[in-house]
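All remarks here apply to the structure that follows.
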Amino acid sequence: MSGDSIAQSQREGWAKIPSPTNKTLRNLYFIDAQTGWAAGEDGTIIHTSNGGDSWIVQNSTVQTFIVDIFFISENLGWALTFRNVFPFGTITLKTTNGGDTWVAEDYPDENAFMNTIFFFDSLNGWIGGTYIAGTTNGGVTWIKADVDSSMISGLPVYNFNFYNRQFG
81 MSGDSIAQSQ REGWAKIPSP TNKTLRNLYF IDAQTGWAAG EDGTIIHTSN
131 GGDSWIVQNS TVQTFIVDIF FISENLGWAL TFRNVFPFGT ITLKTTNGGD
181 TWVAEDYPDE NAFMNTIFFF DSLNGWIGGT YIAGTTNGGV TWIKADVDSS
231 MISGLPVYNF NFYNRQFG
C-alpha cells in the first residue's frame with residue numbers, strides 16, 4: 081500500500097488498484113476474501129467490500145496516524161491511534177456499523193502507548209504496547225495483564241495474534 085495505490089493479489093500476480101486517498105496506509109485487515117479495511121496517516125480508514133477492487137474512505141473522527149485496525153465481523157471493529165498533544169496517550173476507536181461511524185475513547189492510562197488490539201468476540205479482547213491489558217466488557221475497562229516480562233522488560237509490544245483464548 082502506498083499513497084496512490086494498493087497492490088492486489090491476483091492469479092496472474094499483483095495488480096495496482098487506485099487508492100481513494102493519497103495518505104500513507106500501513107495497516108490492513110480482512111475478515112473474509114471480500115471485506116477489509118486499511119488505515120494509516122491522518123486518521124485515514126478505507127474500506128472494501130469487493131475484495132479490494134474498489135475502496136471508499138471512512139471518517140475515523142481523528143487526524144492522527146492509526147497504528148492498528150481489527151474487526152471481528154462486517155460491523156464490529158476497533159482501531160488505535162495516539163494523542164499527539166497533552167495529555168498524551170492512546171485513543172481507541174470503535175465501530176458497530178462497519179466503519180460508517182467511529183467513536184473515539186481515551187485509553188485510561190495516558191502514559192501508555194498501545195500499538196495492537198485483538199478481540200475474540202464483542203466483549204473479550206487484548207491490547208498491547210507499553211504493556212498488555214485485557215477487557216471483558218468490550219473495551220469499556222482494561223486490566224493490566226500479569227505477565228512475566230523479565231525477558232522483554234522495557235520492550236513494547238508491537239503486534240500479537242491469538243489462535244484461541246489459551247494460545248497467542
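Under our numbering, residues 81 to 248 are what the sequence shown spells out, in order. Cβ coordinates follow ideal geometry from the N, Cα and C atoms, glycine included.
- Collapsing the DSSP output to three states places D186 in a strand.
- Taking C-beta atoms as the reference points, A118 and I111 fail to come closer than 7 Å.
- In the assembly as shown, A159 is a buried residue. Its beta-carbon has 16 or more other beta-carbons within 10 Å.
- The residue among V227, N204, F150 and N102 with its C-alpha nearest the C-alpha of T216 is N204.
- T170 counts as buried, since no fewer than 16 other beta carbons sit within 10 angstroms of its beta carbon.
- Inter-residue distance for S99 and R106 is about 13 Å (C-alpha atoms, whole angstroms).
- An exposed status is given to I223, since fewer than 16 other beta-carbon atoms sit within 10 Å of its beta-carbon.
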